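Enquirer: These protein sequence lines map, in sequence, to chains A and B. Count the first sequence with my numbering and you get residues 15 to 475, in order. Count the second sequence with my numbering and you get residues 908 to 1350, in order. Note that CB positions come from ideal geometry on N, CA and C, so glycine has one too. These numbers were taken from a predicted model, which means no experiment stands behind them.
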Amino acid sequence: MLGKLTIERILGLAIDLGGDFAEVFCEDSYYTNVLALQEGVETSSLGREAGIGIRIFNGLNSLYGYSTNTSSQEHLLEMVRAMTALLNRSVTQRVPLAHSVNYGGAHCIGERPTRVPLASKMEKVQSALTAAKSYSQEIAQVSVRYIDMEQAVQIANSEGLFAEDARIKTRMHITAFAQNEHGMQTGYFGPGAMRGFEFYDHLDIEWYARESARIATTMLHAGKCPGGQMPVIIDNGFGGLLFHEACGHSLEATSVAKGTSEFSGRLGEKIASPLVTLVDDGSLANEWGSLAIDDEGTPAQKNVLIEKGLLRGYLVDKLNARRMGVEPTGSARRKNYRFAPVARMTNTYIANGTSTKEEIIANTERGLFVKYINGGSVNPTTGDFNFSAAESYLIENGKIAAPVKGVTLIGRGGDILQQVDMVANNLEIRQGYCFASSGPLYIGAGQPTVRVANMTVGGTR
Amino acid sequence: MLEQFITTFTECAHTAGISRLQFYVEQISEQKLHVYQAELERLQLADVTLVYVEGEYGGKLGSTFVENLQPHLFTEHIATIKQTAEYNNRPFAPRRSLALPTPHVTTDSMPISLLADQLKEAESVAYAVDERVKLVRDCSFVGKSKRIMLIDDQGGQIEDHLHYYRASIGIIAEDGNSIQTAGHSGFARSIDQLDLKALARTAANRAVSMLGAAPVKTGDYPVILLNDVVCDLLLTFLPAFYADRVQNSMSRMQGRLGQQVAATAVTLIEDPDFDQGIITRRFDDEATPTLRKQIIEDGVLRCYFHNRQTAQKADTVSTGNGFKRDYTEKPTICPTNLYLRKGDFTLTELERQMGDGLLITECDGMFAGADPVSGDFSLISKGYLISSGKVVRPVAQITVAGNFFDMLRQITGIGCDYTSGGSESGFVTAPSIQITHLSVSGE
């Protein structure tokens, strides 16, 4: 980490050479990443990432430089000179740094991952491997990836902000491979939280392992899915990724600020069914996608994006806040110092409705029930999105029928939001990753069971 | 600073009982420029040194990765190497020493202001293509130099270099009723090989020609996959040819060596010296020399991609594909430059040969909607409806589904129109191809 004096010099030079805002992001992070199969550890990757990212604004233009060489002040100042070579001198005043504020205690953390020996972590891995493997004779292989991290950050800027934080995350990815003479299918579950090793104290890791094995064996016996348009029910939990893709990305400032999102300039308009309330909340206690402060030093907050169908807000970072003339929303994120931050989702979910899951299924004559989903992507300009189901079933006569595989769901964000016609009362938030311009990030996605009246189902038959 | 780190860390590690240290070092410098509405909107400069350290402890291989080279963290690095060695169930096998002269590297460069001017010109070319070009949302350039060094505590050191450029143009087109996007990017090993204006024209034409796109009826269609789509599919399904996947029963190519796995027109070649490739490596991250080889020759599977570990298991030799996907991890398997050998047909000729069907120009959601193990894919797609060999109208909001390995046998025509895509973990060049049929879900 850098001394206050060094940071002051960097920020001072950046402003002197033409920046009207300057920021230093310094990071020192420890990562554990072990991939184990039943035969033992396949790969282990433990170590420390450390570096600095310097960002300078000049109006709506921005400069970013990063380096691992944090020990040479002269090197960092030289980088600032190179970055600003094309700028004209400005007259911006810099506010001296305040006393550092440490946000590291904002989420209650028990055992820090760096203090726990690898042996204890490997015991958890072993229980997951054993539980998944013993689920069925059709489980040919199980892989478990153990992940934890401690990211210590220092964020300072020319407005006087000086903040420190420690982000601690723990997660386990369990993948089961089921195989018979017809082929191979995978099942996956990956519980995680903003917690240390105490995460496992109240977690039945073997249940998650068996669930991944159950998904794999179910899909092994699933038939091909018919393609076409039909009602689609997406179960509670990570199914919320549907809305992360269908409209979440299109509400991020990167898409909205330049008018290139299908939802640009539509605040206050009805963009969804009145059953839809969409929230992004980075302040949820100990959630996988949570933060104390974002990567610009703004405290995380609850942002209501859609309220009963009306567009209420966007996710905004400092630079786009200038373009949009609004305040940042505590959503600026980056994978590490090698990325400039942009507004990204944290924990995004659809709020509870009043139906029950049973009612929704019973009220659906024919359609598709998606229990778990894998992932998806979106084009925020056209709203075209897609996501692929991990486990799904046909619905016949208001009942869940045969499992089907190879399901991809597509649509346009704006259309799908209007087509939500039933929302249950069983909200759950699950854990995932999101890939965008500031690198892969940990996110939460959640929802109650939701029905979309009509969607294009990409089948294989 | 790096030299000092290696010397002092080696001493400390030796004292702590870790022997035979091996360092893998990446030194990267990068420039990125984005132009927006005739201004240099974003500029990014970077220089990083990333170190991966391995050593023998208790007969096993331990490792860690380091970016902060300061000595106060040495104790932690040493503890990590010991802990990882303890859980590694494979015996330590030292990297073989390889004597290679340090390459003479000439890297071209251009001042930032001149690069920005070139991007500004490309941006204005895109706007000039058609009045329905509403916004050039991406007009960017990346120049990257990467020096890879393998160093050991016996005085061995070899080094390799990558140096390449990438330019991308992204367009939004709008005509009042419809909005569409398209992009195009190009890679080159020297700046003057990148034709920014041509990229801009292609991207703009693609976006405008997609305006008014609508689904087609659900059903089976004869299909031409545009070269970009072929590259994306190859990159997604390539792991089926990696020996680790094959040995773990995670590939449909298992047990197929010497057999016909594709149409006879298909020849798939890996070549580190391929003139359109960017991964110009002389040796892999395990110090094995890279080499040109045919993976599929006239439809027959000739070999898998091996690293040292998979080669040992299969009683063969490494094919020089022991590359790291990320410097923080041990080498797995990655190709260098791979290409699907081009045929004789222009895209127009392929369309005429197909008669009626779909030309698919874009598939998305590959990471979730395609399964490299089974080969099944179901992907949101865009393209054009072709009737009697002619483009009738643009198509969107459909999925195209099939099985990659079945599709390899159903190739009925190969184009002569190369394009490239990928990353430093595998770079692919391919022409457009014609397939008997794929399942399409739409209306």
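Excluding the five sequence neighbours on either side, which residues of its own chain have a C-beta within less than 7 Å of the C-beta of B/GLY1276, listed in chain order?
Expert: For the purposes of this step, residue 1276 of chain B is identified with residue 369 of the second sequence, where counting begins at 1. Result list for B/GLY1276: PHE1284, SER1285 and LEU1286, in chain order.
Enquirer: What does DSSP give as the partner residues of B/CYS1046 in its beta bridges?
Expert: As a position in the second sequence, residue 1046 of chain B is number 139, starting the count at 1. In DSSP, B/CYS1046 forms a bridge with B/ILE1076.
Enquirer: Given that A/SER81 touches chain B, what residues does it touch there, using C-beta distances under 8 Å?
Expert: By 1-based counting over the first sequence, the position of residue 81 of chain A is 67. Neighbours of A/SER81 on chain B, chain order: ALA953, ASP954 and VAL955.
Enquirer: Could you compute how far the alpha carbon of A/ILE68 sits from the alpha carbon of A/SER114?
Expert: Start at 1 with the first residue of the first sequence, and residue 68 of chain A comes out as number 54. Start at 1 with the first residue of the first sequence, and residue 114 of chain A comes out as number 100. The alpha-carbon atoms of A/ILE68 and A/SER114 are separated by roughly 18 Å.
Enquirer: In terms of residues, what are the limits of the alpha helix (DSSP H) holding B/CYS1241?
Expert: Here the question's residue 1241 of chain B lines up with position 334 in the second sequence. Neither: B/CYS1241 is in no alpha helix (DSSP H) and is coded neither H nor E.
Enquirer: Could you have a look at A/TYR149 and say whether DSSP puts it in helix, strand or coil?
Expert: Within the first sequence, the letter at position 135 stands for residue 149 of chain A. Looking at A/TYR149 - three-state DSSP - the assignment turns out to be coil, as it is neither helix nor strand.
Enquirer: Can you list, in chain order, the stretches of the alpha helix (DSSP H) that have 4 or more residues and sit fully within the region 134-200 of chain A?
Expert: none
Enquirer: Is it true that the region 1099-1113 of chain B meets the region 1339-1348 of chain B, where meeting means three or more beta-carbon pairs spaced less than 8 Å apart?
Expert: no
Enquirer: Hey, quick one: how far does the beta strand (DSSP E) through A/CYS448 stretch, first residue to last?
Expert: On the first sequence, residue 448 of chain A is found 434 positions in, with the first residue counted as 1. First-last of the beta strand (DSSP E) with A/CYS448: 442-448.
Enquirer: At 9 Å on the CB atoms, spell out the chain A contacts of B/VAL950, in chain order.
Expert: Taking the second sequence and counting its residues from 1, the one referred to as residue 950 of chain B is at position 43. According to the sequence as given, residue 950 of chain B is Leu; it is not Val. Those within 9 Å of B/LEU950 in chain A are ASN75, SER76, LEU77, TYR78, GLY79, MET97 and LEU100.
Enquirer: If you measure beta-carbon to beta-carbon, which residues of the region 1038-1049 of chain B are closer than 8 Å to chain A?
Expert: LEU1042 and ARG1044
Enquirer: Under the DSSP definition of a beta bridge, which residues are partnered with A/ASP294?
Expert: Position 280 of the first sequence holds residue 294 of chain A. A/ASN317 and A/THR362, per the DSSP bridge assignment.
Enquirer: By DSSP, does A/TYR407 sit in helix, in strand, or in coil?
Expert: To locate residue 407 of chain A, count along the first sequence from 1; it is residue 393. It is a strand residue.
Enquirer: Does DSSP put A/MET93 in a helix, in a strand, or in coil?
Expert: Residue numbering aside, residue 93 of chain A sits at position 79 when the first sequence is read from its first letter. A/MET93 falls in the helix class under three-state DSSP.
Enquirer: Three-state secondary structure (DSSP) at A/VAL105?
Expert: Along the first sequence, read from residue 1 onward, the residue named residue 105 of chain A stands at position 91. Looking at A/VAL105 - three-state DSSP - the assignment turns out to be coil, as it is neither helix nor strand.
Enquirer: Looking at A/THR362: is its Cβ nearer than 8 Å to the Cβ of A/GLY251?
Expert: By 1-based counting over the first sequence, the position of residue 362 of chain A is 348. By 1-based counting over the first sequence, the position of residue 251 of chain A is 237. Not a contact, by the Cβ cut-off of 8 Å.
Enquirer: How about B/ALA1065 and B/LEU1266: do their beta carbons lie closer than 8 Å?
Expert: The sequence position of residue 1065 of chain B within the second sequence is 158, counting from 1. The sequence position of residue 1266 of chain B within the second sequence is 359, counting from 1. According to the sequence shown, residue 1065 of chain B is Ile rather than Ala. No, Cβ-Cβ distance for B/ILE1065 and B/LEU1266 is not below 8 Å.
Enquirer: Beta-carbon separation of B/TYR1128 and B/VAL1347 under 8 Å?
Expert: Working through the second sequence from its first residue, we reach residue 1128 of chain B at position 221. Working through the second sequence from its first residue, we reach residue 1347 of chain B at position 440. Their beta carbons are under 8 Å apart, which means B/TYR1128 touches B/VAL1347 by this criterion.
Enquirer: Helix, strand or coil: how does DSSP classify A/ARG224 here?
Expert: Residue numbering aside, residue 224 of chain A sits at position 210 when the first sequence is read from its first letter. Residue state, collapsed to three classes: helix.
Enquirer: Quick one: does B/LEU1057 have its CB under 8 Å from some CB of chain A?
Expert: Position 150 of the second sequence, counted from the start, is the residue given in the question as residue 1057 of chain B. It does not; no Cβ of chain A falls within 8 Å.
Enquirer: Within the continuous alpha helix (DSSP H) that includes B/SER1031, where are the two ends?
Expert: Here the question's residue 1031 of chain B lines up with position 124 in the second sequence. Note, B/SER1031: alpha helix (DSSP H), 1019-1036.
Enquirer: Any C-beta of chain B sitting closer than 8 Å to the C-beta of A/PHE401?
Expert: Mapped onto the first sequence, residue 401 of chain A falls at position 387. For A/PHE401, the answer is yes, since a Cβ of chain B falls inside 8 Å of its Cβ.
Enquirer: In this structure, does DSSP put A/GLY458 in helix, strand or coil?
Expert: By one-based count along the first sequence, residue 458 of chain A stands at place 444. A/GLY458 falls in the strand class under three-state DSSP.
Enquirer: Distance check for B/THR917 and B/GLN911, CA to CA, integer angstroms please.
Expert: Here residue 911 of chain B refers to the residue found at position 4 of the second sequence. Here residue 917 of chain B refers to the residue found at position 10 of the second sequence. Rounded to whole angstroms, B/GLN911 and B/THR917 show a C-alpha spacing of 10 Å.
Enquirer: Quick one: using the 10 Å Cβ neighbour count with 16 as the cut-off for buried, is A/HIS216 buried or exposed?
Expert: Stepping through the first sequence from its first residue, residue 216 of chain A is reached at position 202. Flag for A/HIS216 reads exposed.
Enquirer: Since I believe B/THR1268 is in contact with B/VAL1136 (beta carbons under 8 Å), could you give me their beta-carbon distance rounded to a whole number of angstroms?
Expert: Within the second sequence, numbered from 1, the residue matching residue 1136 of chain B stands at position 229. Within the second sequence, numbered from 1, the residue matching residue 1268 of chain B stands at position 361. Their Cβ separation, rounded to whole angstroms, is 7 Å, which keeps B/VAL1136 and B/THR1268 in contact under 8 Å.
Enquirer: Could you tell me which residues DSSP pairs with B/GLN1064 in its beta bridges?
Expert: For the purposes of this step, residue 1064 of chain B is identified with residue 157 of the second sequence, where counting begins at 1. Residue pairing by DSSP places B/GLN1064 opposite B/ILE1058 in a beta bridge.
Enquirer: Let's see if you can read the secondary structure: which residues bound the beta strand (DSSP E) around A/MET469?
Expert: Taking the first sequence and counting its residues from 1, one reaches residue 469 of chain A at position 455. For A/MET469, the enclosing beta strand (DSSP E) has its first and last residue at 464-472.
Enquirer: When you compare the CB of A/ASN194 with every CB in chain B, is at least one pair closer than 8 Å?
Expert: Position 180 of the first sequence, counted from the start, is the residue given in the question as residue 194 of chain A. False, the Cβ-Cβ gap to chain B never drops below 8 Å.
Enquirer: At least one CB of chain A closer than 8 Å to the CB of B/THR987: is that the case?
Expert: The count along the second sequence starts at 1 and reaches residue 987 of chain B at position 80. It does: the Cβ of B/THR987 has a partner Cβ on chain A nearer than 8 Å.
Enquirer: Using the C-alpha atoms, what's the distance from B/ILE1318 back to A/ILE320?
Expert: Position 306 of the first sequence holds residue 320 of chain A. Position 411 of the second sequence holds residue 1318 of chain B. Approximately 47 Å, taken between the alpha carbons.
Enquirer: Whose C-beta lies closer than 6 Å to the C-beta of A/TYR78 among residues of the same chain, with five residues either side of it excluded?
Expert: Walking along the first sequence from the start, residue 78 of chain A turns up at place 64. Hits under 6 Å: ARG69 and ALA354.
Enquirer: Here's the rule I'm using: 16 or more other beta-carbon atoms within 10 Å means buried, otherwise exposed. How should A/SER451 be labelled?
Expert: Sequence index remark: in the first sequence, residue 451 of chain A carries index 437 (1-based). By the 10 Å Cβ count, A/SER451 comes out exposed.
Enquirer: Inspect the CB distances between the region 258-266 of chain A and the region 416-429 of chain A and report whether three or more fall short of 8 Å.
Expert: yes
Enquirer: Ignore the nearest five residues each way along the sequence and tell me which others in B/GLU963's own chain have a CB closer than 6 Å to its CB.
Expert: As a working mapping, residue 963 of chain B is identified with position 56 in the second sequence. For B/GLU963, same chain residues with a beta-carbon under 6 Å away, outside a window of 5 residues either side, are SER926, ARG927 and PHE999 in chain order.
Enquirer: So which residues of chain B does A/ILE424 contact, with C-beta pairs closer than 7 Å?
Expert: Position 410 of the first sequence holds residue 424 of chain A. For A/ILE424, the residues of chain B that pass the 7 Å Cβ criterion are ILE1287, GLN1304 and THR1306, in the order they occur in the chain.
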